[in-house]
Every structure is written in structure tokens, then in C-alpha cells.
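Visitor:
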Amino acid sequence: MDGSRVSRSGERAIFWTLPAVAVVWIAAFFLFPGFVPPMSPKASAAEVAAFYRDHLSRVRYSMILFNWFCVALIPILMLLVERMRGMAHRTPVLRYCVIGVAGAAPIAFLTSTVFWLIAAFRPERSPALTQMCNDLAWITFTCGVPFLIALCVFVAVAIAYDDQPRPVFPRWVARFNLVIAIALVPACFAGLTLDGPFAWNGFVSFWVKNVAIAVWIVVMAVVLRQAMDREPVVVGAAA
Amino acid sequence: MSIGASLRTDPKRELWFVWYSTVAFYSLYSVVFFVLTRTQPPGRPWLTPEQTVGWFADRHWGLLVGFALIFVLGGFSATSIALITYSIRRMSVSRAYAYSYLILYAIAAIPGFLFICVAMTVGAMRPERDPTLMHWLYDFGFLSFSGTMGVFLVGSLIWMAAILLDKNGVFPRWFGYLNLCNALTEVVIAPSWIFQRGVLAWNGVIAWWIDVAVFGMYTVVFIYLLRSLIQRDDLGTGPVPALPPGAAPRAHPLAKVLAG
Amino acid sequence: MTAIEDVSTEAGVDVVGHVPGEGDMWFFVVFESLVFTSYFCVYLYYRAQHEHAFLKAQSALNLPLGIVETILLLTSSWAIARCVQEVRAARYRSAQRFVLATVGLGVAFLGCKLAEWVRLIGEGHTFTSSEFMQHFFFLTGMHAIHLLIGFVVLGVILYQLAPQRRSHQTIETCSTYWHTVDLFWVLIFALLYIVR
Amino acid sequence: METSAKKRLLVAWVVVVAITVIYLWIDRSADDRRVLVGSVAVTVAAIGLALVKFRIILREFMDVRHAPRALCVLTDLLVVVIAVALLSAYFVGRAVT
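Residue numbers (this note's numbering), protein chains in the order written: chain A, 1 to 239; chain B, 1001 to 1260; chain C, 2001 to 2196; chain D, 3001 to 3097.
This is the structure in C-alpha cells:
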């Protein structure tokens, strides 16, 4: 190996794990009884405790699935990082930015599954405690998007700076990433209100945010697949 | 050069983007913690459960809005990590140093600042919650925030070792030693897991005030030095050249005096 | 003094006007001294506030042991200073013996320190038992961490003493670190054991 | 010159050890039969002697004696700063009670 070329062997194997884990994510999403429709933040402690008592198994199995497979996004993000090597950048610093948030993004979600699973572990616990675990889970899940927002912005900047005749990703992908970043922002304010579109079960904080994440994964997978078919580029000295 | 021009046309524009984001992030961070949420200086660890309810009530909107801003922009903490990783990568040492630094800080963001944001938001969103649970959220927030300094300890030591071994002159060597000083003050925060009052508690004179003073100096210094690295960088792999005369960054006064 | 062939400084060395070790190391000496001074100030302030309680807890300390520890560390400082002299005279084998002596004295100091901690904890004087003991364990603990780093630094000196390397500047820099550990102990000892 | 440097280092060592032993005497004379008694004089003396040792270590062991003036001034300044800081912390603490 001449050192300036990075092997791409096995990248397709990683890429095709995405449809498989996506099936698991979708299944877990619908298995969790608190997502369709999303649980209300206005529910009393007694109602929250009753929810966990009534849907114990579905809460547990769906969250165990998420707990296992949410980090399966990381290898996909690493494929993205590898494509960034081909960008017309002088330094690897934007790749480091993406790596810097690629781990934390799914692990923030992993943390929320831990709180959900703790809430479900002892349904006989005092309702106030169960409600607190439920709040911690929902706030971590809904507001825990800073790494995804930063990821979108970093990808957008990286594409904008990819000045070459045939950029790695098309230009519109940069704008698309900014739109997704903006779509995620309102969810961060879910703590401010317990009802309306901005509450954690509201249209903006729940549906807009989660659909945006799903669309991002799908669109990025498509452009990633196209970029993967192209010839590898000889990387620069500092890359 | 203006910010706009350096972000559009400069060949080092991605470095400048990351550097300006770092400055913006640290400024936002300071405003949120010191002004909006008033969670720095930290609350008193000896509050009773009922007093913590009052503490949350006092800064209700500040906590919710302030930490919402961190939820939006917290991910930009990765910019300083990436830039420091790049600085280590620019040195004549193994990439293992750079990658260790990157991974260490990237994952530490979750306990390091996401937990306090979540705990304080959950505390503020239901003022009627049982006071003992409010007390727990209060402790969870402050202890997770202050008590995860092992990252800074090991991280500073990695950066220090890289700087002292480096032959490319990426940073002045005194900054390597400043990393050691910073690492040693991070040790001092560990007793905040043990003491509920006194100088070593999480708001204590030693564990908070002295540490924040050192950490503040360290942060200002490294942001300044990263800027001067970007200015000097030739984007190669060899020694980082000095700035052309006229634009020379000031050497550390102490180093200059001692050299003369 | 015999001829000095310093391989690492470009400027070369004249005996008068020579910065011991690298100049940047003195930044550490000054900065870390100031950090420790701030810890000492906090200690002295609270000590003056609660003099009686501090005196009572302080009486549990064993002064002769503290003096032995101090002499051990002072002697280790002397040994490493001798090592630097031997290096300048290009007597590397002898220099190596002085480093090993320094390591031995450092280990002896640490042994005394551990024995003292064990005895105090056994008598019920722990990190959390009183304000004085909190400062005592904090300051001696912080110092012990500096000392442990010092062993790494002494290792660097031994490494540098091998033929082919022998950077006088690095050896002087490392010895400066070891002396700094001694400097801090001199103050800590006076403040914890003697001050009334 | 070399033997004199060696001898000088030894003398420095003897002096700092001697000062350490003086502490034993201060300690003995300060207390009222094993009961520790607060004393401003002992406190000031302890800090003063420690700083004398501090400066000897700097000058002799750390070879600041041969260093450029700037470093000599810097280290002396450090000793003064430490002295002022420690004594003021102590006396302010006493005055505030």
C-alpha cells in the first residue's frame, strides 16, 4: 500500500447494514407504546406509573432494541467521514468535527433508553420516581439533539468548502443539511412547555424532529451510495 | 482579514471556521452558565430538599431557556476538540495522541454537559415535583458536570505529552507545562464527590474558584495559541514556520526574558 | 568546571547566565508555585478562623516523622543536583548512581508518607474527620501526586543518561521538576506541622 | 572550581537540614506539654524559615545563582509574592473572626 490511498474494502458491507438496522429501528419505534401517539408530558405521576404497568413488556423490548442498535448509526457516519477524505479540503479538521459528534449523537439517544428502561424496571416503584425517570428519558430523547444539529452543520460546511469540478456530494446536500439542522432546533425547547406543538409530544418537537432525522438518514444514505461508487481520490498531504 | 473573508477565500478557511466556532461556543457557554441559568458559580451543595425547590423556582425560565440553547448549540463543542486534534496531528508525534484526544472528549460531552442540561431542565419543568426528587436532580446536575474531570485530566496529559515530544514547534513548550498545571487542578475537583460543604465541595474555594481561575486562563491561552497556529501553519507536515516579520505574534514574555 | 558539551541548545552554554534547564520549565515552576500558594492561602485563612479546632486536630501529627520526611526529600534534591554536576563533568556513570539515589530517597519519602496516612486513618483521622485533616490529606495527597510524576521525570533522566542521547538541557529540566516537588514540600511541611 | 561547587552544594544541604531541625526546637518550645497552643510568632517564624529554605533550594540546588538576572529577579519575586500572600491570608483570617 502506498500510504496515500486508503482502502475502501468492506465499505459496502457496512453500508448494507443500514437497511437491516433501519428495519429494527422502525419496528422498535412502533413497538414502543409511548411513541404512537407520543406520551403526554401533562400526564400525572399516577398515569405515567399506570402506563408502565400496563405496557411493561412493550416498553422493555422496544427499548432494549434501541439500546442495542442505536449505535449502529456510527459505522454509517464513519462511511461519511471516509467520503470526506475525497473533498477538496486542506486539512482533516472537518472530518474530526464529524467524528467528534458521531459518537455522542447516538449515545445521547442510548442514554434516554437507559432512563426508559429504569422506569420500567420496577413498576411498583413510587409513581413520582417513575415519572422522574420518564421525564429524564423524554427530555434526553427530545432535546438531546445538539450533536445531530452540529453534525448537519459540519457536513454542510464540508460540502460548501468542497471546491472541485466534481464534488464528493452535490451542492444541494449542503443546503439540505442546513434545513434538517433547522428542523431539529425547536425540539431543544421542549422543556419550556407541557402542551402545544412545542411540548415533547407536540407536532414540532416530536414529529418534525423525528421525521427530519429519518429523512436525513435516508437522503444521506442515497448520496453516500452514489459517492461510494466513484473512483477513490488520492488524498492530500495533510489529510 | 475580516471574519467573512477568512471564512470564504482563505486557504485555511476550514481551520478558521472551526476556530471562530470555538470562540462562539465558549462565549455562549459562559453566558448560559454564568448569566442565563446562573448555574455557575454552582448552587450550594448543602441546600435542603425544600431549598432546592426554591432554587429551581428562582431561575425557572433561565434554566429552561439557557439549557435549551445548549441543546441547540452544544454539539459545537466538537469544534475545539477537532482543532486541538488537528494541532496534535500537525505535530511530529504518532496519530495515536490525536485520536485519543478526539475520542476522549467526543464521548465525554454526554456526562460532561448533556447530563446537567437534562437534569436541570427536568427539575425546572415540574416545579410541583417531590422535593426529595428535586434534590436528587440538583445533585445529579452539579455532580455530573463538576465530577467528570478525569477527561480533562487525561486529555491535558495527552496534549502535554504531545507538545513536549513534538519537534514541529506547533506550540511553545511552556504551554505543554501549562497543560500539566491544568491537569493537576482537575484532580482537585474529585473531592466534590465527598464533601457537602467546605473548600473542597463542588462550590468550594479550592474545588471551584481556584480551579475555574486556572481553567479559565488555560482556555483563553489555548484559544489564542490555536489562532496563532492557524496563522503560522503552512498546511504541510514539517515544522510550522514562524510568522513573517511585522505580523509576528508576541512570544510569551517570560520565555522572551529568559532567552535574552 | 570541565568542558560542557550541550547538544540541545543552539546558543551554547556559558556558565554564568545559563538558564538551568529549558526556560519554559520555569513557567511551570512559577505557575504551579502560585497555584499551590493559593491552596496554602485558603488553608491559612480558615486555620486562622478556627484556630482551636485546627490545633486540636494538628496534635495528631507526628513531627519527628515529618522532619525525617523533609530531610529525605532535601537529600534527594541534593542528590539530583549532584547528578547534574556529574553530567556537566561528563561522568555519566556517577550521575546515574545519583539518580538512583534520588529514586531511593523519593521512595523512602513516599513510604513514610504512606505509613503516616495509614496510622492517622487507623486512629480515625481521615479526609473527612476534621477541617484540618481535610487540608492535610489534600495538600499531602496533591504533593504525593507531584512526587509520582517526579518518578516519571527521573525515568526520563535515566533514559537521557544512556549514550547517544545525553541532552544536558533535558536532564536539567527534569531535575528542576524534582526540585520543585521539594520546594512545595518545604512549604507544606512548615504549614501543616509547624504553624500554630 | 568543580570541587568547590560540590562543597558548596553540600553546605547548602547542611544549612537546609539544620533549618529543618530548628523546627523541632521551635515546636518543643511552642507547646504547653504536648498541648498545641496558637502562636503568631511561631506561625510567622515557620513561614519565614520555610521561605529561606525555599530560596536556598532555588539558588543552590536549582542553580538560579548562575542564571541570567531575569530569572534571579523572577524567583526572588516569587518568594516575596508567596510570603506576602501567606502572611496576608493568615492575618486577614485572624482579623475577620
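Glycine included, each C-beta is placed from N, C-alpha and C at the ideal position. The structure presented is a predicted model; accordingly, all values stated were derived computationally and were not measured.
Phe35 (chain A) by DSSP, collapsed to three states: which one?
Guide: strand
Visitor: With 7 Å as the threshold, decide whether the Cβ of Phe2027 (chain C) is near any Cβ in chain G.
Guide: Absent from the structure is chain G; the protein chains it does hold are A, B, C and D.
Visitor: What residue from A:Val208, A:Cys152, A:Tyr96, A:Ala108 has the CA that sits closest to Arg175 (chain A)'s CA?
Guide: A:Cys152
Visitor: Hey, is Gly1174 (chain B)'s beta-carbon within less than 7 Å of any beta-carbon in chain C?
Guide: The identity of residue 1174 (chain B) in the sequence shown is Trp, whereas the question assumes Gly. Interface residue, yes.
Visitor: What are the boundary residues of the alpha helix (DSSP H) that Leu1200 (chain B) is part of?
Guide: Run containing Leu1200 (chain B): none; DSSP gives neither H nor E here.
Visitor: If you reduce the DSSP assignment to three classes, tell me which class Val6 (chain A) lands in.
Guide: coil
Visitor: Below 8 Å CB to CB, which residues in the same chain sit around Leu1235 (chain B) once its five sequence neighbours on both sides are set aside?
Guide: So the list reads Pro1011, Lys1012, once near-sequence residues are dropped.
Visitor: Check whether the Cβ atoms of Ile1158 (chain B) and Tyr1101 (chain B) lie closer than 7 Å to each other.
Guide: yes
Visitor: Measuring only the C-alpha atoms, how far is Phe1145 (chain B) from Ile1116 (chain B)?
Guide: Distance from the CA atom of Phe1145 (chain B) to the CA atom of Ile1116 (chain B), rounded to whole angstroms, is 6 Å.
Visitor: Just to confirm the assignment, what range does the alpha helix (DSSP H) spanning Tyr1029 (chain B) have?
Guide: It spans 1013 to 1030 - the alpha helix (DSSP H) in which Tyr1029 (chain B) sits, taken as one unbroken run.
Visitor: Between Ala183 (chain A) and chain B, is the shortest Cβ-Cβ distance under 7 Å, so that the two count as touching?
Guide: It does not: the Cβ of Ala183 (chain A) has no partner Cβ on chain B nearer than 7 Å.
Visitor: Anyone know if the C-beta pair for Ala28 (chain A) and Leu65 (chain A) falls short of 7 Å?
Guide: yes
Visitor: Report the neighbours of Ser3039 (chain D) on chain C: residues whose CB is nearer than 7 Å to its CB, in chain order.
Guide: Arg2196
Visitor: Among the candidates C:Arg2196, C:Ile2194, C:Leu2183, C:Phe2189, whose CA atom is the shortest distance from the CA of Arg3055 (chain D)?
Guide: Relative to Arg3055 (chain D), the option among C:Arg2196, C:Ile2194, C:Leu2183, C:Phe2189 whose CA is nearest is C:Leu2183.
Visitor: Could you work out which residue in B:Gly1176, B:Pro1041, B:Ala1242 is closest to Met2200 (chain C) when comparing CA atoms only?
Guide: Past the boundaries of the shown model lies residue 2200 (chain C); chain C is included only from 2001 to 2196, so the question cannot be answered.
Visitor: With a CB to CB cut of under 6 Å and the five nearest residues on each side skipped, what residues in its chain are close to Gln131 (chain A)?
Guide: Ala45, Val48
Visitor: Can you give me the Cβ contacts of Leu1178 (chain B) inside the same chain, cut-off strictly under 7 Å, excluding the 5 residues immediately before and after it?
Guide: Tyr1218, Val1221
Visitor: Establish whether the CB of Asp135 (chain A) and some CB of chain B are separated by less than 7 Å.
Guide: yes
Visitor: According to DSSP, is Trp2078 (chain C) part of a helix, a strand, or is it coil?
Guide: helix
Visitor: So is Asp195 (chain A) buried or exposed if we call it buried at 16+ other beta carbons inside 10 Å?
Guide: exposed
Visitor: At a Cβ cut of 8 Å, what residues of the stretch 3007 to 3024 of chain D count as close to chain C, listed as they run along the chain?
Guide: Leu3009, Leu3010, Ala3012, Trp3013, Val3016, Val3017, Thr3020, Val3021, Tyr3023, Leu3024
Visitor: Roughly how many whole angstroms lie between the Cα atoms of Glu2086 (chain C) and Thr2170 (chain C)?
Guide: 14 Å
Visitor: Mind the definition here: the stretch 1148 to 1163 of chain B touches the stretch 1092 to 1110 of chain B only if three or more C-beta pairs lie below 8 Å; say whether that holds.
Guide: yes
Visitor: For Ala104 (chain A), which residues from the same chain have a beta carbon less than 7 Å from its beta carbon, with the 5 sequence-adjacent residues on both sides left out?
Guide: Phe147
Visitor: Helix, strand or coil for Ala1242 (chain B) per DSSP?
Guide: coil
Visitor: Taking the alpha carbon of Phe1152 (chain B) as the point to measure from, which residue in B:Met1134, B:Asn1182, B:Arg1173 has its own alpha carbon closest?
Guide: B:Asn1182
Visitor: Is the beta carbon of Pro2064 (chain C) less than 7 Å from the beta carbon of Glu2172 (chain C)?
Guide: no
Visitor: Quick one: does Val1220 (chain B) have its CB under 7 Å from some CB of chain C?
Guide: no
Visitor: Within a Cβ cutoff of 6 Å, which residues of the same chain sit near Phe203 (chain A), ignoring the five residues on either side of it in sequence?
Guide: Pro197
Visitor: Please check the pair Ser2076 (chain C) and Thr2102 (chain C), which I expect to be a contact at CB under 8 Å, by giving their CB distance rounded to whole angstroms.
Guide: 5 Å
Visitor: Since Leu2044 (chain C) and Tyr3090 (chain D) should fall inside the 8 Å C-beta cutoff, what is the C-beta to C-beta distance between them, to a whole number of angstroms?
Guide: Under the criterion of beta carbons closer than 8 Å, Leu2044 (chain C) and Tyr3090 (chain D) qualify as touching, at roughly 4 Å.
Visitor: Please state the DSSP three-state secondary structure of Phe141 (chain A).
Guide: In the structure shown, Phe141 (chain A) adopts helical secondary structure according to DSSP, grouped into three states.
Visitor: For Val161 (chain A), does the three-state DSSP call read helix, strand or coil?
Guide: What sits at residue 161 (chain A) in the sequence shown is Tyr, not Val. Here Tyr161 (chain A) sits in coil by DSSP.
Visitor: Is Leu2139 (chain C) buried or exposed, if buried means 16 or more other CB atoms sit within 10 Å of its CB?
Guide: By the 16-neighbour rule on beta-carbons within 10 angstroms, Leu2139 (chain C) is buried.
Visitor: For Val1205 (chain B), decide whether its Cβ has a neighbour in chain C, counting only Cβ atoms nearer than 7 Å.
Guide: yes
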